[in-house]
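> One structure, pasted below without further comment.
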Amino acid sequence: MNKKADNPEQKKDRAGKSDLEKSKNREAFLFLVSYIKRHIRSVLSGVFVLIGVDFAQILMPRIVQRTIDMLGETTFSNELVARNAVFMLLLAFGMIALRFSWRIFLVGASRKIEKEVREDMFSHLQILSFNYFNKTQTGGLMALMVNDVNAVRMATGMAFIALTDAIFMGTMSLFSMFSINVKLAFFTIIPLPFILLMIFKFGPL
């Protein structure tokens, strides 16, 4: 049985709702950006440090690869292996320091943004009329002050970190894989589109 075609009014309502949703998303994005700009130095420093950690993570297996490859070469020596082992140890300590640093920069900035948003909201509530509080539920205001502000902290903190890490770590990983063996790297990434489809399909469950 064929579904009835939507009349022009229904299409107009859907288009209006879609435009309203886009407008709200744009306002929310600009709202976050306005607070991020206040801590742009800390955020950029954290991003650069995070990229450094990603590079170190890519570099570590390459050092292991070169060390293993040396076992079958005539130039093999215990001194070279020991040198690579020391370098890997120093690199590991460097990664620890960098991980601590990006947490200070990025998570610290998100905590400051959370504090500023909550203070701005509280200051705004203090200048509203009593009539507003008579019409607005107290539970709704509490949810805004707690849950929504926590969501802002997560968006400017761990969500931003995960996005940045995925972009740079993914790009550098692919570059490293293809620089080692193009054919093997190609076969390795074949399942990725299917994995993404599964995530989008079952992720919201």
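Sequential numbering from 10 applies to the sequence shown in this note's numbering. Ideal Cβ placement from N, Cα and C applies to all residues, glycine included.
Could you check what DSSP says for M10 in three-state terms: helix, strand or coil?
Only weak support exists for where M10 lies, its pLDDT of 47 falling under 50; the value from the coordinates is given anyway. In this structure, M10 counts as coil in the three-state DSSP scheme.
> Let's test the definition: count the other Cβ atoms within 10 Å of the Cβ of A118 and tell me whether it reaches 16, buried, or not, exposed.
Label assigned to A118: buried.
> Over what stretch of residues does the alpha helix (DSSP H) that includes G61 continue unbroken?
Segment 49 to 79, the alpha helix (DSSP H) holding G61.
> Could you give the distance in angstroms between the alpha-carbon of G149 and the alpha-carbon of Y141?
Between G149 and Y141, the C-alpha separation is close to 12 Å.
> Within a Cβ cutoff of 7 Å, which residues of the same chain sit near A164, ignoring the five residues on either side of it in sequence?
Cβ neighbours of A164 beyond the five flanking positions: L41.
> Assuming L107 and A65 are in contact, meaning their beta carbons sit under 8 Å apart, how far apart are those beta carbons, in whole angstroms?
Right, the Cβ-Cβ distance comes to about 7 Å (below 8 Å), so this counts as a contact.
> Using the Cα positions of N87 and I45, report the straight-line distance between them to the nearest angstrom.
For N87 and I45, the distance between alpha carbons rounds to 51 Å.
> Among the residues of its own chain, which have a CB less than 8 Å from the CB of R127, if the five just before and after it don't count?
Only M154, V158 meet the Cβ criterion.
> Residue range of the alpha helix (DSSP H) that R90 falls in?
Sequence inspection shows Val at residue 90; the Arg mentioned does not correspond to that position. Element bounds for V90: 87 to 111.
> I'd like to know whether the C-beta atoms of I72 and M97 end up nearer to each other than 8 Å.
Yes, the pair counts as a contact, with Cβ atoms nearer than the cut-off.
> How would you label F169, buried or exposed, when you count the other beta carbons within 10 angstroms and need 16 or more for buried?
Answer is buried; the Cβ neighbour count reaches 16.
> Quick one: give me the first and last residue of the alpha helix (DSSP H) that I198 is part of.
Run containing I198: 191 to 198, per the alpha helix (DSSP H) assignment.
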